[in-house]
Every structure is written in C-alpha cells, then in structure tokens.
Amino acid sequence: MASEYPYQIEAPPRERLPRHVAIIMDGNGRWAQERGQQRVEGHLQGASTVREIVEEASELGLGYLTLYAFSSENWKRPAAELEFLMALLQQYLVEERPTIMNNNIRFRVIGRRDGLSPEVLQEIDNLSQASEKNTGLTLILAINYGSRGEIVDAMQRIACQVRAGELSPEQITESTIAHALYTNGIPDPDLLIRTANEMRVSNFLLWQISYAEFWVTPIHWPEFTRDHFRQALWDYTKRDRRFGGLKN
Ligand code: FPP
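Under the numbering used here, the letters of the sequence shown match residues 117 to 364, in that order.
Spelled out as structure tokens, the structure:
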C-alpha cells in the first residue's frame with residue numbers, strides 16, 4: 117500500500133486532539149479504476165477504511181467524527197452504483213453494531229430521510245437507538261446529506277416557529293439557526309479532512325465549518341490509513357487558530 121508517511125506514527129495526546137473531525141471521503145472510484153477494477157470495488161475497500169478510522173478515532177479518545185457517506189447530489193450516479201452504495205451502507209449498519217456497542221460509540225445520522233429505503237431507515241434507527249446512551253466517540257454519518265438542504269430545512273422550521281408566534285424575527289440569533297440544523301447539540305468541526313486531493317467543500321457542513329482547519333491529502337480514501345489520520349491530527353496541533361482575532 118503506497119503511503120507518503122512513515123507507518124507507526126505516535127498517537128497525539130488526547131488533550132491536544134480536535135474535539136470534532138469531519139471527513140470528505142473521496143477517491144474510491146479513482147482508486148478502483150487505477151487498478152483496472154469497477155468503481156464499486158473502491159467503495160467496498162472504502163468501507164474497510166471507514167471501519168479502521170472509526171476504531172482509531174474511538175481508541176484515540178476523539179469526541180466526534182463525521183463522515184460524508186452519501187451526499188444529496190450523489191443520486192445523480194448510475195443506478196447500479198447507487199444500489200451498491202445503499203446495500204453497502206445497510207450492511208455496515210448491521211455488521212458494525214457489535215463494534216459500535218463494544219467501543220461505547222454513540223451513532224447518529226444527519227441528512228434527509230426522504231429517498232432512503234425503509235430498510236436503510238430501519239437500520240439507522242436501530243443503531244441510533246441502541247447506542248444513544250453510549251458515552252464514547254460520537255460517530256455521525258452524513259447520509260443523503262446536503263448542507264444547503266439542511267439550511268433550507270432549518271429555515272422552514274424557524275419560519276414555522278415565527279408563524280406560530282413562538283419566536284419573533286428579532287429573536288433569531290446564530291444560536292437559533294445552529295439549534296435548527298441537523299447537527300443540533302454537536303460542536304462545530306475543528307478539522308476537516310478531504311482525501312484524493314480535491315480542494316472543494318462539496319455542500320458539506322457549510323455553516324458548521326466556518327472556522328474549521330482544512331487538511332487535504334492526495335491519498336485516495338481506500339488507502340487512507342490510521343497513520344494518515346494521525347498525521348492529520350498532529351498537523352492540526354500545530355495550526356494557529358485565531359478565529360478572526362490576533363495571535364495570543
Ligand atoms: C467518494 O468517492 C465516496 C463516496 C461518494 C461515498 C463514500 C462511501 C464509502 C466510503 C463507502 C461506504 C460508506 C460506509 C459508511 C460504509 P468517489 O466515488 O466520488 O470517488 P471518485 O471521485 O474517485 O470517483
């Protein structure tokens with residue numbers, strides 16, 4: 117497996133970890149095509165990477181990990197690829213249950229339910245409910261997620277509250293909006309990782325990543341390892357976060 121980093125990178129100390137890491141997992145298709153394989157082989161291998169990185173995040177003591185598993189724009193893909201991705205997600209939700217429960221991981225999904233099959237929705241609900249009292253890593257899968265759609269849904273919710281007389285327009289603050297988003301109760305990501313060298317945000321957590329640090333790697337998601345993840349975390353510890361202010 118090609119890697120630009122040495123293996124066995126030391127684990128960053130827990131107190132210096134970002135609270136919340138979000139990842140745009142990209143490059144599954146390219147990874148497969150470069151090997152003369154079908155794109156879906158890349159998704160299959162990508163699901164193994166998901167397992168590794170979730171376990172790593174949990175073992176390191178990370179608070180929140182959000183993974184962009186399926187965007188609202190991904191429905192434009194060929195039917196066979198969509199079918200495969202949905203089956204893979206369903207399989208993940210069933211097969212990962214023991215790992216999630218044994219590692220005290222709380223599981224949550226963000227995204228629109230409309231469009232997902234009853235079977236996938238059932239597995240999402242099962243795992244979310246089974247793990248809701250867990251107190252370790254919170255794993256958030258973005259499934260059928262689009263940030264603009266999330267903001268539309270939040271605005272509709274707030275407009276309904278205004279219409280019902282529960283809220284006046286003047287009372288709307290940044291906190292009102294943050295509470296109306298799917299990510300209510302989840303701190304904003306501190307670090308956003310994107311694989312496969314793409315320098316774009318792709319409708320992911322637009323409100324929430326206002327002050328996230330970016331870390332982009334040429335590594336394709338199927339070959340992203342625990343060491344790449346550790347490297348991203350170490351690099352994050354060296355960033356100077358000023359939030360628009362001046363250096364201390
Ligand atoms: C991007 O690769 C990846 C996706 C659109 C889906 C991500 C899915 C997985 C990692 C596997 C299943 C997930 C779980 C949680 C089990 P791409 O197909 O856009 O790659 P390309 O840009 O090289 O074509």
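Where is the CB? At the ideal position from N, CA and C, for every residue including glycine.
Under the Cβ criterion (8 Å, minimum of three pairs), the stretch 145-164 counts as touching the stretch 199-208. Asn313 has its Cβ no nearer than 7 Å to any heavy atom of the ligand FPP. Sixteen is the threshold: when 16 or more other Cβ atoms of the shown chains lie within 10 Å of the Cβ of Pro128, as they do, the residue is buried. In terms of side-chain proximity, the C-beta atom of Asn219 is found no nearer than 7 Å to any non-hydrogen atom of the ligand FPP.
As DSSP reads the structure, Val137 sits in a beta bridge with Leu181, Leu307. Cβ contact annotation for Thr299 (same chain, cutoff 7 Å, sequence separation greater than five): Ile226, Gln324, in chain order. Per DSSP, Ala127 lies in no beta strand (DSSP E) and is assigned neither H nor E. Residues Ser187, Ser188, Glu189, Asn319 of the same chain have their beta carbon placed closer than 7 Å to that of Gly262, with the five preceding and five following residues left out of the count. DSSP, reduced to helix, strand and coil, places Phe200 within a helical segment of the structure shown.
By the CB criterion at 8 Å, Tyr180 and Ile256 fall inside the cutoff.
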